[in-house]
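Trainee: My questions all concern the structure below.
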Amino acid sequence: MAAVGSAEYALQHLIDPEVCIRCNTCEATCPVHAITHDSRNYVVDFAVCNNCNACVAPCPTGAIDHWHQVVKAMPYTLDEQLSWDNLPAPIELEVGSQAEVPSDVRALTEIATAGQGGPSAPPWSASHPYVNLYSQGRPAVATVTGNYRLTDEGASADIRHIVLDFGTAAFPVLEGQTLGVLPPGMDDSGRPHHVRLYSVASPRDGERPRYNNVALTIKRVNVDHDGKPVLGIGSNYLCDLKIGDKVNVVGPYGASYLMPNHPGSSLMMICTGTGSAPMRAMTERRRRRRALKEGGELLLFFGARVPEELPYFGPLMKLPKDFIDINFAFSRLSDQPKTYVQDRIRDRVDKVFQMLTDDNCYVYLCGLKGMEAGVIEAFRDVCRTNGSDWDALKPQLLAKSRLHIETY
Ligand code: NAP
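Going by this note's numbering, the first residue of the sequence shown is number 673, and it counts up by one from there.
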């Protein structure tokens, strides 16, 4: 864009459509409803955005970390933003005319870049993650080396363990990080499908140790949460892959939902369905290093409708009881009342309180959005039963990077 004459400039908060994975986190977080979307892009209304930056830290990819200097009277309109496939080039400004970057914007940009994946910083002993090595314009090409159904053939949910090999391309990931898959083809508006984000289900040294591969846990989506038929573009693409197929992958993403590495550190993991992917990665990391006797305790709460639909049920049942304390919650067993993970947390009130108040224990939630409120209420009850107050404890957990939540 050409230089603009004497004008007043402002910073406009924009979302990079190339990096955005359309997870809705920003729109759900924005307290003034400045963020909206169509079937394609997430956009920020310049007239409504008050630069509070509540949306910045929770963004899992950093797509939100963009502030372009614009002529104040001519910001990018919503229609313009909705039509973008990429962010426009910054305008050229007159010498000395740059809008000043507010210090809170600057600070939040730094935090967002350092801590993508959530508002919390990573545990102090987490390994340093690589992020954003591959973009939509330059994806890594992986080869499918495994596609196994995890759930029983008769079960209504088709959940798969998919292994992608990167060959000689570097794709370093840590447990808790995510990657994006680019489904081939076009959407209804004739543009390439946007990125689909998945948690890595394998530990950092590969699904097969010392191989350059990762595993994903994918549920084929053919109905929405209300039971209406929908075709999950990303999930059906992945679930139908054959050995040898090539997949375009972007990322990795996430620099806060990471596991601690220091000896004696414990993990409390709470998940539903395919939200088990990061828990599987962390558990496997600890299992492979068990002989080193460096790990603390592992406590797992895992919810699914029935055992036949619980990913990794068989392998989990084989893990030694003195290695991991597993608490399943089944919601649709014909002979038992509906049980959610939060019910099982209440059943284990003493253990949960001991771990919540242990500075060496790190807590991870992953899965359905609805679970989050239920689990927090259960934590509140656990604290109350022990004469403590969750509202006082939670800020301490966050300040010590001991509470990590990834729900959708
Ligand atoms: P799902 O099968 O729909 O549900 C798993 C269990 O959670 C069921 O027993 C369900 O019970 C229960 N549940 C429903 N509402 C709940 C609530 N309010 N509190 C506690 N439990 C509740 O799960 P899914 O389809 O696998 O979905 C998992 C979620 O994880 C998705 O949102 C997905 O996006 C997310 N996720 C996936 C990945 C990945 O890499 N694939 C990574 C991170 C997160 P009922 O249905 O019987 O009520």
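Backbone N, C-alpha and C define an ideal beta-carbon position, used for all residues, glycine too.
If you're wondering where the values come from, they're calculated on a predicted model, not measured in any experiment.
How would you call M989, buried or exposed, if buried means at least 16 neighbouring beta carbons within 10 angstroms?
Mentor: For the purposes of this step, residue 989 is taken as residue 317 along the sequence shown, with counting starting at 1. Label assigned to M989: exposed.
Trainee: Using a Cβ-Cβ cutoff of less than 6 Å, which residues in the same chain neighbour C692 once the five nearest sequence positions on both sides are dropped?
Mentor: Here residue 692 corresponds to residue number 20 of the sequence shown, with the count starting at 1. Excluding sequence neighbours, C692 sits near Y714, A735.
Trainee: What are the boundary residues of the alpha helix (DSSP H) that includes L1070?
Mentor: As a first step, residue 1070 must be located in the sequence shown, where it is residue number 398. Taken as a continuous stretch (DSSP letters only), the alpha helix (DSSP H) holding L1070 covers 1062-1071.
Trainee: In the region 833-864, which residue ranges form an unbroken beta strand (DSSP E) of at least 3 residues, counting only runs that do not cross its ends?
Mentor: The qualifying runs are 850-854.
Trainee: Taking the CB atoms as reference points, tell me whether T733 and G852 lie closer together than 9 Å.
Mentor: Looking up residue 733 in the sequence shown gives position 61. Looking up residue 852 in the sequence shown gives position 180. A contact, by the Cβ cut-off of 9 Å.
Trainee: Should Q1068 be listed as close to the ligand NAP, given that the test is whether its C-beta is under 8 Å from any heavy atom?
Mentor: Within the sequence shown, residue 1068 is the residue found at index 396, counting from 1. Outside the cutoff, so no.
Trainee: Which one of P987, D1031, A719 has the shortest CA to CA distance from A682?
Mentor: For the purposes of this step, residue 682 is taken as residue 10 along the sequence shown, with counting starting at 1. That would be A719, whose Cα lies nearest to the Cα of A682.
Trainee: Can you tell me whether F1051 is buried or exposed? The criterion is at least 16 other CB atoms within 10 Å of its CB, across all chains shown.
Mentor: On the sequence shown, position 379 is the one that residue 1051 refers to. Buried, since its Cβ has 16 or more Cβ neighbours within 10 Å.
Trainee: For the alpha helix (DSSP H) that contains T1025, what are its first and last residues?
Mentor: On the sequence shown, position 353 is the one that residue 1025 refers to. According to the sequence as given, residue 1025 is Phe; it is not Thr. F1025 -> alpha helix (DSSP H) spans 1021-1028.
Trainee: So, T708 versus L759, is the Cβ gap smaller than 9 Å?
Mentor: As a first step, residue 708 is located in the sequence shown; it is residue number 36 there, counting from the start. As a first step, residue 759 is located in the sequence shown; it is residue number 87 there, counting from the start. Cβ distance not < 9 Å, so T708 and L759 don't count as in contact.
Trainee: Have a look at R868 and L754 and give me their C-alpha separation to the nearest angstrom.
Mentor: By one-based count along the sequence shown, residue 868 stands at place 196. By one-based count along the sequence shown, residue 754 stands at place 82. Computed Cα separation, rounded: 19 Å.
Trainee: Beta-carbon within less than 8 Å of G787's beta-carbon, same chain only, minus the 5 sequence neighbours each way: which residues are those?
Mentor: Mapped onto the sequence shown, residue 787 falls at position 115. The pLDDT assigned to G787 is 33, lower than 50, so where the model puts this residue is not dependable, and the model offers no usable value.
Trainee: Comparing the CB of T889 with every heavy atom of the ligand NAP, is any distance shorter than 8 Å?
Mentor: Here residue 889 refers to the residue found at position 217 when the sequence shown is read from its first residue. The answer is yes for T889.
Trainee: Pull up the distance between the alpha-carbon of M940 and that of V1035, whole angstroms please.
Mentor: Within the sequence shown, the letter at position 268 stands for residue 940. Within the sequence shown, the letter at position 363 stands for residue 1035. Going by the C-alpha atoms only, they are around 5 Å apart.
Trainee: Quick check on the DSSP output: the beta strand (DSSP E) that includes P811 runs from which residue to which?
Mentor: The residue you call residue 811 lines up with position 139 of the sequence shown. Here P811 belongs to no beta strand (DSSP E), and DSSP marks it neither H nor E.
Trainee: Work out the CA separation of K900 and W796 for me, nearest whole Å.
Mentor: By 1-based counting over the sequence shown, the position of residue 796 is 124. By 1-based counting over the sequence shown, the position of residue 900 is 228. Between W796 and K900, the C-alpha separation is close to 44 Å.
Trainee: Taking only three categories from DSSP, how would you classify C698?
Mentor: Stepping through the sequence shown from its first residue, residue 698 is reached at position 26. C698: helix per DSSP, three-state reduction.
Trainee: Three Cβ pairs or more, each shorter than 8 Å: is that satisfied between the region 834-850 and the region 809-825?
Mentor: Touching, yes.
Trainee: Shorter than 8 Å, the distance from the beta carbon of F1080 to the closest heavy atom of the ligand NAP, or not?
Mentor: On the sequence shown, residue 1080 is found 408 positions in, with the first residue counted as 1. In the sequence on display, residue 1080 carries Tyr and not Phe. Yes, the Cβ of Y1080 comes within 8 Å of a heavy atom of the ligand NAP.
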